[in-house]
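**Student:** These protein sequence lines are chains B and F, in that order.
Take the first sequence: its position 180, counting from 1, is numbered 177 in the numbering used here, and each next residue is one higher.
Take the second sequence: its position 115, counting from 1, is numbered 112 in the numbering used here, and each next residue is one higher.
Number of protein chains: 2
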Amino acid sequence: MATRQVTVKDIAGRLRLHYTTVSKALRDHPDISPATKRRVLALAEELDYHPNSIAKNLKNQSTHTLGVIVPSIKNDFFSAVISGIEEVAYGREFNTVVCQSNESAEREAIHLRTLISNRVAGVLVSVAQTTTSGSGFRALQRQGIPLVFFDRVYDDIEADHVVVDDIGGARRVVEHLIERGYRTIAHAAGPPNTSIGRDRCRGYLDALKAHGLDGDEKWIVHGGFEEADGTAALGAFRSRGSMPDAIFAVNDPVARGIHAEVKRNGLAIPRDVAVAGFGDNRLSAYLDPPLTTVSQSPYEIGKTAAAMLLRRIDEPSHKCLCETEVIPTQLIVRKST
Amino acid sequence: MATRQVTVKDIAGRLRLHYTTVSKALRDHPDISPATKRRVLALAEELDYHPNSIAKNLKNQSTHTLGVIVPSIKNDFFSAVISGIEEVAYGREFNTVVCQSNESAEREAIHLRTLISNRVAGVLVSVAQTTTSGSGFRALQRQGIPLVFFDRVYDDIEADHVVVDDIGGARRVVEHLIERGYRTIAHAAGPPNTSIGRDRCRGYLDALKAHGLDGDEKWIVHGGFEEADGTAALGAFRSRGSMPDAIFAVNDPVARGIHAEVKRNGLAIPRDVAVAGFGDNRLSAYLDPPLTTVSQSPYEIGKTAAAMLLRRIDEPSHKCLCETEVIPTQLIVRKST
DNA sequence: CTGAAAGCGCTAACAG
DNA sequence: CTGTTAGCGCTTTCAG
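Written out as structure tokens, the structure reads:
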């Protein structure tokens, strides 16, 4: 079993060649005669040779690996983004290592450190909810490792971004609520330290303002990104006295929490309260009534982000003329509004 | 930016120490005096030193990395398994690299190769649907890299397994159908070259037999694991003349395809046809009517599989006294039956 | 076309 | 306690 793994030297020895010759032959270097190449290749196959990329990477001072950090892969959105990233990476013969932060800033930092230690060629991050310091990202950049943020951005860092049009998407869905005739529109907002939390709230306020409805602070509740936060948000609205006509939630899970809690309170959707989300999770189409939401093409986001990162890797020259790609969103109207 | 990364030598130079001394200091080796350690640590911090794990791995001839290959991470089941794996790996300071085969045997083989080349410490695989050769797995084992299969097993390979009790779970759900009074029970089966396809079919047949119902070949249709396969299966049953009372699908997506198609045909669930699945996907609870299914604790599977693998890594001695862990399943009765 | 020598960054064994 | 030497497997440069 643990028979030492085959190296270029082993195959060189058998062939009475120098091991550098073998190394060149394996990489199809023009120096080497076709005949030798054939012999080398044949023996490599026979001996079950597998090149050691660790040694190769050490020598070359580079890896063909991209690091990806997401809050959680069990989340339609992120897993679709990852697929997009992998698709692009795969086409360029890059590997991908996926890490989950579980929304913990600490784990995120640890992952960042091991990615640095493993000298990945570049990193894609969607920031954890609890991250309040950019030092891990800065460390990455000090090592000259390109960084691209997607979806959840850390603002104080100069880096490329790929985001969805959160403001526009939020504005659009709130306008839709207004058009439908709802007037008291509440917002179950995300954590204010996240870009998407802030931007979606901004879009909400913009829409109200544009239509002459004033955004009353009382109709905004800040929470996290989970179903439980939706449940809590509804409780908060109820405790503030009267219920709103409609609630726009920062994302689909929160909307789902509200959706369930509204029904649990014996109210009808959308008759008593309309509910809208953001993100178009798979599940949302299956709720009863199905959820009105905003679709953000996650697969596109992943492909775009990976492409940006690879561009940086290819041309490390460009100083930070950071770019931001905004992926458009699409309103998906269903029965909940 | 691309200022060469800091190495032990750099910090040794500044401190007028030998670089091996620094290396030891950094790893808190007992040889080194506390005073020196402090100086080294302080300067390492100041210079923003990050150990190069590539070099370390090359030297040590080992990595702290586990490879995981799954068909697709955008699948509740697999993403939960991965979380379980990561949890255990993380606790032992192992990294995890996740690869998706997209059900393609070819991609699976490529991933296997790069995992070998990267000298991962061990590999966890859930086999792609189209895999018909075990040569990639055998190559892995020839390199002395421990392998654990979970959920979808490749039979011809001697390796540890973690599977759910597919036969028992299938038998249980079919018995439930029988108890409910259904008599003509069809099975939308999986590909016969997959272990879960075969085992769930076996459980189905066992249950029928135990209750004196004969398994008529006509009520079994083989297909894949996707929603579309469910749609197709229903078409097949209809074309065979009369409809069954109840259909047990190899997994939840297939059940969902059937569920939707039944409703599209204007039939009522469960009045006209009962539908049951396997896997307890998140979505299944949200269908109308919600789907009766079998829960297989994916998080447990992941933890168990990772623990088995780590045990192999710790003690490479054990020749292949391969073990199989069977994780119990649980019947989840909902309104669709 | 093939061979020799050097070195990537780190660790382990041994000497001082 | 600190330094020396050697080497992990590979690639690169320069000679033959």
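All residues carry an ideal CB built from backbone N, CA and C; glycine is no exception.
All values derive from a computational prediction rather than experimental measurement.
#1: Is the CB of Leu284 (chain F) under 8 Å away from at least one CB in chain B?
#2: If Ile142 (chain B) and Ile113 (chain B) are in contact, beta carbons under 8 Å, what's the gap, nearest whole angstrom?
#3: So, does the stretch 245 to 255 of chain B touch the stretch 222 to 234 of chain B, judging by three or more C-beta pairs under 8 Å?
#4: Report yes or no: is there a C-beta of chain F within less than 8 Å of the C-beta of Ile51 (chain B)?
#5: Would you check if the distance between the CB atom of Ile244 (chain F) and the CB atom of Ala204 (chain F) is smaller than 8 Å?
#6: Thinking C-alpha only, which one of F:Val117, F:Glu90 and F:Ser123 is nearest Ser101 (chain F)?
#7: Is the stretch 150 to 166 of chain B touching the stretch 208 to 215 of chain B, taking contact as three or more C-beta pairs under 8 Å?
#8: With 16 other CB atoms within 10 Å as the buried threshold, where does Gln327 (chain B) fall?
#9: With DSSP as the reference, label Cys96 (chain F) as helix, strand or coil.
#10: By the criterion of Cβ-Cβ separation under 7 Å, what are the contact partners of Gln140 (chain B) in chain F?
#11: Taking 8 Å as the cut-off, decide whether the C-beta atoms of Ala106 (chain F) and Gly131 (chain F) are in contact.
#12: For a quick check, are the C-beta atoms of Val270 (chain F) and Asp311 (chain F) less than 8 Å apart?
#13: Compare the C-beta of Ala136 (chain B) with all C-beta atoms of chain F and state if any pair is closer than 8 Å.
#14: So if DSSP puts Thr339 (chain B) in a beta bridge, which residue, or which two residues, is it bridged to?
#15: Under DSSP, the beta strand (DSSP E) around Ala257 (chain B) begins and ends at which residues?
#16: Give the DSSP-derived three-state secondary structure of Gly274 (chain F) in the structure shown.
#17: Checking contacts by CB at 8 Å: is Asp73 (chain F) closer than that to chain B?
#18: Hey, is the stretch 53 to 63 of chain B in contact with the stretch 273 to 280 of chain B, meaning 3+ C-beta pairs nearer than 8 Å?
#19: Taking the alpha-carbon of Glu43 (chain B) as reference, which of B:Leu264, B:Asn72, B:Phe91 and B:Val3 has the nearest alpha-carbon?
#20: Alpha carbon to alpha carbon, what distance is there between Thr127 (chain F) and Tyr283 (chain F)?
#21: Beta-carbon within less than 8 Å of Arg135 (chain F)'s beta-carbon, same chain only, minus the 5 sequence neighbours each way: which residues are those?
#22: Please name the residue, chosen from F:Cys198, F:Arg331, F:Pro313 and F:Pro295, that lies closest to Ile82 (chain F) on a Cα-to-Cα basis.
#23: Alpha carbon to alpha carbon, what distance is there between Asp285 (chain F) and Ala230 (chain F)?
#24: Let's test the definition: count the other Cβ atoms within 10 Å of the Cβ of Leu121 (chain B) and tell me whether it reaches 16, buried, or not, exposed.
#25: Using alpha carbons as the reference points, say which of B:Tyr87, B:Ala9 and B:Ala118 lies closest to Asn54 (chain B).
#26: Given a limit of 9 Å on CB to CB distance, which residues of the stretch 77 to 106 of chain B reach chain F?
#27: Counting only runs of 4+ residues fully inside the stretch 20 to 95 of chain F, write out the alpha helix (DSSP H) ranges in chain order.
#28: Please state if the CB of Ala86 (chain F) and the CB of Ala302 (chain F) are separated by a distance shorter than 8 Å.
#29: With a threshold of 6 Å on Cβ separation, who are the neighbours of Pro287 (chain B) within its own chain once the five nearest residues in sequence on each side are excluded?
#30: How is Thr128 (chain B) classed by DSSP in three states: helix, strand or coil?
#31: Drop a sphere of 10 angstroms on the beta-carbon of His26 (chain F), count the other beta-carbons inside from all chains shown, and report buried for 16 or more, exposed for fewer.
#32: Once DSSP output is grouped into helix, strand and coil, what is the label at Phe222 (chain F)?
#33: Between the C-alpha atoms of Thr321 (chain F) and Thr289 (chain F), what's the straight-line distance to the nearest angstrom?
#34: Which ranges does the beta strand (DSSP E) cover as unbroken runs of at least 3 residues, wholly within the stretch 154 to 211 of chain F, from first to last along the chain?
#35: Report yes if the C-beta distance between Met305 (chain F) and Asp157 (chain F) is below 8 Å; otherwise report no.
#36: Just how far apart, CA to CA, sit Asp163 (chain F) and Cys319 (chain B)?
**Tutor:** Taking the geometry as given:
#1: Chain B, which has a Cβ nearer than 8 Å to the Cβ of Leu284 (chain F), makes this yes.
#2: The C-beta distance from Ile142 (chain B) to Ile113 (chain B) rounds to 7 Å, short enough to meet the 8 Å contact threshold.
#3: Three or more pairs of CB atoms, one per stretch, sit closer than 8 Å, so the stretch 245 to 255 of chain B contacts the stretch 222 to 234 of chain B.
#4: Chain F contact via Cβ: present.
#5: No, they are not a contact pair.
#6: Among F:Val117, F:Glu90 and F:Ser123, the Cα nearest to that of Ser101 (chain F) is on F:Ser123.
#7: No, the stretch 150 to 166 of chain B is not in contact with the stretch 208 to 215 of chain B.
#8: Its Cβ having fewer than 16 others within 10 Å, Gln327 (chain B) is exposed.
#9: Cys96 (chain F) falls in the strand class under three-state DSSP.
#10: Here the neighbours are Gln2 and His47.
#11: Taking 8 Å as the Cβ cut-off, Ala106 (chain F) and Gly131 (chain F) do not qualify as a contacting pair.
#12: No, Cβ-Cβ distance for Val270 (chain F) and Asp311 (chain F) is not below 8 Å.
#13: The beta carbon of Ala136 (chain B) falls within 8 Å of a beta carbon belonging to chain F, placing the residue at that interface.
#14: With chain B covering -2 to 334 only, the question about residue 339 (chain B) has no answer from this structure.
#15: Unbroken run through Ala257 (chain B) is the alpha helix (DSSP H), Asp249 to Arg261; no beta strand (DSSP E).
#16: Under the three-state reduction of DSSP output, Gly274 (chain F) falls in the coil class, being neither helix nor strand.
#17: Chain B places a beta carbon closer than 8 Å to that of Asp73 (chain F), counting this residue as a contact.
#18: They do not touch, by the three-pair rule.
#19: When only C-alpha atoms are compared, the closest one is B:Val3.
#20: Taking the straight line joining both Cα atoms gives about 30 Å.
#21: So the list reads Ile154, once near-sequence residues are dropped.
#22: Distance from the Cα of Ile82 (chain F) is smallest, within the candidate group F:Cys198, F:Arg331, F:Pro313 and F:Pro295, for F:Pro295.
#23: Using only the alpha carbons, I get a separation of about 20 Å.
#24: With 16 or more other Cβ atoms within 10 Å, it is buried.
#25: Checking every option, the nearest Cα to that of Asn54 (chain B) belongs to B:Ala118.
#26: Cβ contacts with chain F come from Ala77, Ile79, Ser80, Glu83, Tyr87, Asn92, Thr93, Val94, Val95, Cys96, Gln97, Asn99 and Arg104.
#27: Entirely contained in the stretch 20 to 95 of chain F, the alpha helix (DSSP H) runs reaching 4 residues are, in chain order, 31 to 44, 50 to 57 and 73 to 88.
#28: Cβ distance not < 8 Å, so Ala302 (chain F) and Ala86 (chain F) don't count as in contact.
#29: If you ignore the 5 residues before and after Pro287 (chain B), its C-beta comes within less than 6 Å of the C-beta of Arg331 and Lys332, all in its own chain and listed in chain order.
#30: Per DSSP, reduced to three states, the secondary structure at Thr128 (chain B) is coil, with no helix or strand assignment.
#31: Under this definition His26 (chain F) is an exposed residue.
#32: Looking at Phe222 (chain F) - three-state DSSP - the assignment turns out to be coil, as it is neither helix nor strand.
#33: Rounded to whole angstroms, the separation of the alpha carbons of Thr289 (chain F) and Thr321 (chain F) is 28 Å.
#34: Those beta strand (DSSP E) runs which fall completely within the stretch 154 to 211 of chain F and span 3+ residues are 157 to 161 and 182 to 186.
#35: Remark: C-beta atoms of Met305 (chain F) and Asp157 (chain F) approach each other more closely than 8 Å.
#36: Rounded to the nearest angstrom, the two C-alpha atoms are 52 Å apart.
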